[in-house]
Every structure is written in structure tokens, then in C-alpha cells.
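J.: Please read through the structure below; I'll follow up with questions.
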Amino acid sequence: MQIKSKLLIAGAIIALIALTTMQGYLTFNTYDLRKKSFAVESRTKIGSIVSTPYVDSLSWAYRMEFIEKVPDFKNGAISKEELLKDLENAAKAKNEQFRDYFKRGAKHFKLDDHILFKKVASGILFTDENGATQEILVDGKDDPVFLLGEDFPLEEGLIINAWNWTFDKGYINENGLNSTVNIKYRASIYMKIVDWDKIIFKQLLILFLIAFLLFVFVITLVTYSIRNLLKLKRISDIKTDFINNITHELKTPLATLSIATKTLTNKFAKDNTDISQESIDTINRQNKRLQNLIDQVVDNSLGYNDIDLKLEPVNLTTFINEVCDDYALTLPRHIQFLRAIDKTSVEAYVDKFYLSTAIVNILNNAIKFDGTVIKVSYQIKNQMHIISITDNGIGISKKNKSLIFGKFFRVSERNEHNYKGLGLGLYYCNQIIKAHRGTIDVESKEKEGSTFYLKIPLDNGKADFTGR
Ligand code: ADP
734 MQIKSKLLIA
744 GAIIALIALT
754 TMQGYLTFNT
764 YDLRKKSFAV
774 ESRTKIGSIV
784 STPYVDSLSW
794 AYRMEFIEKV
804 PDFKNGAISK
814 EELLKDLENA
824 AKAKNEQFRD
834 YFKRGAKHFK
844 LDDHILFKKV
854 ASGILFTDEN
864 GATQEILVDG
874 KDDPVFLLGE
884 DFPLEEGLII
894 NAWNWTFDKG
904 YINENGLNST
914 VNIKYRASIY
924 MKIVDWDKII
934 FKQLLILFLI
944 AFLLFVFVIT
954 LVTYSIRNLL
964 KLKRISDIKT
974 DFINNITHEL
984 KTPLATLSIA
994 TKTLTNKFAK
1004 DNTDISQESI
1014 DTINRQNKRL
1024 QNLIDQVVDN
1034 SLGYNDIDLK
1044 LEPVNLTTFI
1054 NEVCDDYALT
1064 LPRHIQFLRA
1074 IDKTSVEAYV
1084 DKFYLSTAIV
1094 NILNNAIKFD
1104 GTVIKVSYQI
1114 KNQMHIISIT
1124 DNGIGISKKN
1134 KSLIFGKFFR
1144 VSERNEHNYK
1154 GLGLGLYYCN
1164 QIIKAHRGTI
1174 DVESKEKEGS
1184 TFYLKIPLDN
1194 GKADFTGR
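Right under this line is the structure:
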């Protein structure tokens, strides 16, 4: 069972990790795919917006203005930089119209408004009739000339398209001769998606939410199952322990009874009244012991709701002293029995029989678990009657402190030392104190000893004392 449940738990945790990794991977993949398809969709839409005769006519207009300036450059009237600046300015003059048009197009094609568009001239080359070339703008080397759209840094954008255009421009050269220059012009368009991650995240929010909820659900399910499994295992261990303990407890009286009856049936004993009487006494004692054991199982298993208290006003100073006096008579000589019982005239509302049973149970444990110095104290503090029982026995580990009040719970290693018991004593004490509307606590340190506190509220039974 031990190995099997450990394997089951390990298996469940591994499966959970694998599932989470898979889910994480799939979610990430979906995210990545969505990102790519969003870029493709946006590209297509931009293509549809800008590939129109209207945009072509705008481009044609500023290009023509630029071409008109080429002879000035060829004849040395303006520099290369001035020529490019002229191109930029000519395009700029058309940009407002273009932006307006783009906005309308974006609306029409339902392009996300986080998408920016930019058109640049990225390469310009002049070739004379004699084949001599002049590089005005080198693609990939010089800064492209901004033409239309929004002027964002190109490294933040994605290229959508690029194309070449050529034109032969005739002009009169500086020598007054007719000449032609071939203009090769390259333009590129880019888009930038602002807050790209946020857009995709928003689109996939529902998916993420479902994935997250599923994840939480599976984790809760696995945790719940593991806890249940452990609980079942603990119950099964407790059952096995209980059966072992009760068998052990029954064995001794049964063996003694068997010897005593054998002796009685023995012819020699029949003639000897002393031996017969001794055997009868033994049988009676063991019979009582067996009866006690059965009573203990039946009574001590009661829950606090089943305990029918007969509450009465009791002076606990007197009462605890009486219980201690009686108990002291049963103690072996080597046990030191101390008391620190406050004198008070405040009465408590308790059931004397049940309260003395609880106190004696705890005193018995103190002795059983190797206490040699036992101290019983009583005081009224924080509106509570507090009875504490301290011993210097083997103590209780931190881990077990919260468990010892459970039904049938025994600290398992203790069996080796042969501390007899059924694990019902403290459970019963707890039920008795609970029935008094009080609480029971323990402070303990292993190998040093324990203190049990029985706390009963001052007003526990006063109100309905008459009714019970
Ligand atoms: P039992 O005494 O029959 O085992 P109890 O319910 O009285 O059952 O106690 C439960 C467990 O709590 C004990 O098995 C023991 O391990 C631990 N325990 C109780 N009282 C003491 C004590 N005074 N010192 C050390 N351990 C104790």
C-alpha cells in the first residue's frame, strides 16, 4: 500500500507536469500562429488599400516633380542631397491626402488601428546614354527617403513589398545638347504593428482564460484526489493499528482465563479450596478487565453530541483536589505528584463524572508515557477555567500534536516500546470537553514532556443549565 500509493502520487504529479507542459506548448504555438496569421492578414489588407489608382496617382505626382528636378542635378544646379530633399518634400505635400485615404481604406477593410504604414524610396540610380552610372540612393546602405504614411524607424517594421520603376528623362545638358538619363527608382512599403503582443493577447484572451481555468481545475482535482488517497490510507492504517492493538489487549486476559479454567478443572484444584478460590478470583478479575475493555471501546467512541452531560455548579478547587486525592492513592511510590490548584469561589458548570474521566485519562497517559513528575494545576484566566496536567514523559512530536485527539490515533513507533492502548483516550477527553463547550490543547516537546490544557468557559452552562 505504502509503495503503491507513493507510486500513484508520483504518477499523478508527473502526469500533471506533462499535461501542463503540453498545454503551455500548445498555447504558445497557438499564440505564435495567431501572430503570424495576423501579420499575413494585415499585409493583405494594406495591399488592398494602397494598390489603387488613387494612391498610384499620388505617387506619380511626386515622382514627376522629382523627375523634373533631375536635369538641375545633372547640370550641377543642385546637389544630390538637395535632390533627395526635394523628393521628400514633394511626397510630404501629398502625405495628408494619402493618410486620409489610408484611414478610410483601413476602416473599409477593417484593418486594426494599431497598424502603421510607411512608404520609402530605398534606391535611385541614374544611367547616362554612354552607360556611366550615378548612385543617388543605395538600397541597404543609405537611409531611405520617407515618402508616405507614418515615419517610424524601419527596424521596427515589417517589409510588405518593394518594386522598381524606370523612366528615361530627356534634358538639355550643360553643353546645350539633347541628352537622356535613365532613372531607376526603387520603392518599398512597410508596416508596423503597435503593441502587437497586446493585440494578439486580447484576441486569445478567452482561450487563455479557458486554458487557465482548466489548469486550475486539474490541479484542484489532483490535489483533492491525492489528499483523499492519503486520508484513506491513514484511515486504513488506523484500522489496522486498532485491530492489532485490541487483539493484543484481548490476548492477555484470554490467556489468563484459559489457565484459570484449566486449573479449576484440574482434579488437584478441585480438592483444594484455596487454589479454586484463587482461580475464581482470577477469572472474575479478567472478566472485569474484558468488560472494561469493551466498555472503553463503546463509551470512548462516543462523539460529543452523544454525551449526555448532567451539568451542575461545581467548585473546581474542591473537585479537582478530590480527584487528585483519589488518584494519588493508586500511584506507585516513585511518582512525584504535584498540585498548584488556585482557590476560587467561582463555580463551574460541569458534569462531575465525565470531567473526572477526562482528567484521569490524561493522568493515566502521563504515567503510561513515562512521566515521573506529574503536576495538576487549576486557575481561572481569560474567562476560562483552565485545568492543566503536566508530565515529564516522552513528549509528543510537532507532527503528531494535532493528530493525537483523533479517533484510534496512536503514535505508531510507540508500539515498539509496548505502550498499550487503543488510541481512544484523548479522543474521548476531547469529546467530553467539547460537550462542555470547551477546548483541549497540548504543549509538548519530545523527550521533555507534555502539558494538556482543559479549558471550559465560565459561562458554558449557566444560561441553559436548568434546561439540561
Ligand atoms: P492511547 O493512550 O490508548 O494510545 P490516547 O488517545 O490516550 O490513546 O493517546 C493517543 C496518543 O497520544 C498516544 O498513543 C500517545 O502516543 C500520545 N500521548 C498521549 N498522551 C501522552 C503523553 N502524556 N505523553 C506522550 N504521548 C502522549
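For any residue, its number in this note's numbering is found by taking its place in the sequence shown, counting from 1, and adding 733.
Glycine included, each C-beta is placed from N, C-alpha and C at the ideal position.
Since Phe1001 sits in a beta bridge, which residues does DSSP pair it with?
T.: Counting from one through the sequence shown, the residue named residue 1001 turns up at place 268. Partner(s): none; Phe1001 has no beta bridge.
J.: Are the beta-carbon atoms belonging to Lys925 and Leu844 less than 7 angstroms from one another?
T.: Numbered from its first residue, the sequence shown carries residue 925 at position 192. Numbered from its first residue, the sequence shown carries residue 844 at position 111. No, they are not a contact pair.
J.: Given 8 angstroms as the limit, is there contact between the segment 882-900 and the segment 957-966, that is, 3 or more CB pairs closer than that?
T.: no
J.: Would you say the segment 1126-1136 touches the segment 939-954, given that touching needs at least three Cβ pairs under 8 angstroms?
T.: Segments in contact, no.
J.: Which residue wins for smallest C-alpha separation from Glu907, given the options Ala810, Leu942, Thr989, Cys1057?
T.: Along the sequence shown, read from residue 1 onward, the residue named residue 907 stands at position 174. That would be Ala810, whose Cα lies nearest to the Cα of Glu907.
J.: Is Ser1183 near ligand 1, judged by its Cβ being under 6 angstroms from some heavy atom?
T.: For the purposes of this step, residue 1183 is taken as residue 450 along the sequence shown, with counting starting at 1. Checking every heavy atom of ligand 1 against the Cβ of Ser1183, one is found closer than 6 angstroms.
J.: Gln830 by DSSP, collapsed to three states: which one?
T.: Looking up residue 830 in the sequence shown gives position 97. Helix at Gln830.
J.: Can you tell me which of Glu862, Thr1051, Gly1154 puts its alpha carbon nearest to the alpha carbon of Asp974?
T.: Against the sequence shown, residue 974 aligns to sequence position 241. With distances taken between Cα atoms, Asp974 lies closest to Gly1154.
J.: Considering Cα atoms alone, identify which of Glu1176, Pro1190, Arg767 is closest to Leu937.
T.: Residue mapping note: residue 937 aligns to position 204 of the sequence shown, counting from 1. Of the listed residues, the one whose Cα sits closest to Leu937 is Arg767.
J.: Could you name the residues of the same chain whose beta carbon sits closer than 8 angstroms to that of Ala826, not counting the 5 residues immediately before and after it, in chain order?
T.: To locate residue 826, count along the sequence shown from 1; it is residue 93. By the criterion of a C-beta distance shorter than 8 angstroms, Ala826 is surrounded in its chain by Tyr795, once the five residues flanking it on both sides are discounted.
J.: Using three-state DSSP, classify Leu785 as helix, strand or coil.
T.: Numbered from its first residue, the sequence shown carries residue 785 at position 52. Here the sequence assigns Thr to residue 785, which means Leu is not the residue at that position. Three-state DSSP puts Thr785 in coil, outside helix and strand.
J.: May I have the straight-line CA-CA distance separating Ile992 from Leu1064, to the nearest angstrom?
T.: Residue numbering aside, residue 992 sits at position 259 when the sequence shown is read from its first letter. Residue numbering aside, residue 1064 sits at position 331 when the sequence shown is read from its first letter. Approximately 29 angstroms, taken between the alpha carbons.
J.: Within its chain, find whatever has a CB closer than 7 angstroms to the CB of Thr986; leave out the 5 residues flanking it on each side and keep chain order.
T.: Along the sequence shown, one-based indexing puts residue 986 at 253. First, the residue type needs correcting, since residue 986 is Pro and not Thr in the sequence shown. Hits under 7 angstroms: Gln1019, Arg1022, Leu1023.
J.: To the nearest angstrom, report how far apart Ala944 and Lys1167 are at their CA atoms.
T.: For this step, residue 944 is matched to residue 211 along the sequence shown. For this step, residue 1167 is matched to residue 434 along the sequence shown. Cα to Cα, the separation comes out at about 46 angstroms.
J.: Which of the three DSSP states is assigned to Asp819 in this structure?
T.: On the sequence shown, residue 819 is found 86 positions in, with the first residue counted as 1. Three-state DSSP puts Asp819 in a helix.
J.: Is Ser921 near Val871, with beta carbons less than 7 angstroms apart?
T.: For this step, residue 921 is matched to residue 188 along the sequence shown. For this step, residue 871 is matched to residue 138 along the sequence shown. For Ser921 and Val871, no; Cβs fall outside 7 angstroms.
J.: Whole alpha helix (DSSP H) runs in the segment 937-998 with 4 or more residues, listed along the chain?
T.: 938-998
J.: Quick test of your reading: Lys1134 and Asp1084, contact by CB under 8 angstroms. State the CB separation rounded to the nearest angstrom.
T.: Within the sequence shown, numbered from 1, the residue matching residue 1134 stands at position 401. Within the sequence shown, numbered from 1, the residue matching residue 1084 stands at position 351. That belief does not hold up - the Cβ atoms of Lys1134 and Asp1084 are roughly 27 angstroms apart, past 8 angstroms.
J.: Between the alpha carbons of Lys802 and Asn911, how many angstroms are there, rounded?
T.: As a position in the sequence shown, residue 802 is number 69, starting the count at 1. As a position in the sequence shown, residue 911 is number 178, starting the count at 1. The C-alpha of Lys802 lies about 16 angstroms from the C-alpha of Asn911.
J.: What are the residues that DSSP puts in a beta bridge with Ala1073?
T.: Counted from its first residue, the sequence shown places residue 1073 at position 340. According to DSSP, which records beta bridges pairwise, Ala1073 is partnered with Ser1110.
J.: Checking the sheet assignment: what are the DSSP bridge partners for Lys1118?
T.: Translated into the one-based positions of the sequence shown, residue 1118 becomes position 385. It should be pointed out that residue 1118 corresponds to His in this sequence rather than to Lys. Looking at the DSSP assignment, His1118 forms a beta bridge with Ile1113, Ile1189.
J.: Using DSSP bridges, identify the partner residues of Pro1065.
T.: Position 332 of the sequence shown, counted from the start, is the residue given in the question as residue 1065. Partner(s): none; Pro1065 has no beta bridge.
J.: Should Ala1091 be counted as a contact of ligand 1 given a C-beta to heavy atom distance under 6 angstroms?
T.: Position 358 of the sequence shown, counting from 1, holds the residue named residue 1091. No; taking the cut-off as 6 angstroms, the Cβ of Ala1091 has no heavy atom of ligand 1 nearer than that.
J.: What's the C-alpha gap between Asn808 and Gly909?
T.: To locate residue 808, count along the sequence shown from 1; it is residue 75. To locate residue 909, count along the sequence shown from 1; it is residue 176. Straight-line Cα distance between these residues: approximately 10 angstroms.
J.: What three-state label does DSSP hand Asp901 in the structure shown?
T.: As a first step, residue 901 must be located in the sequence shown, where it is residue number 168. The answer is strand: DSSP assigns Asp901 an E or B state.
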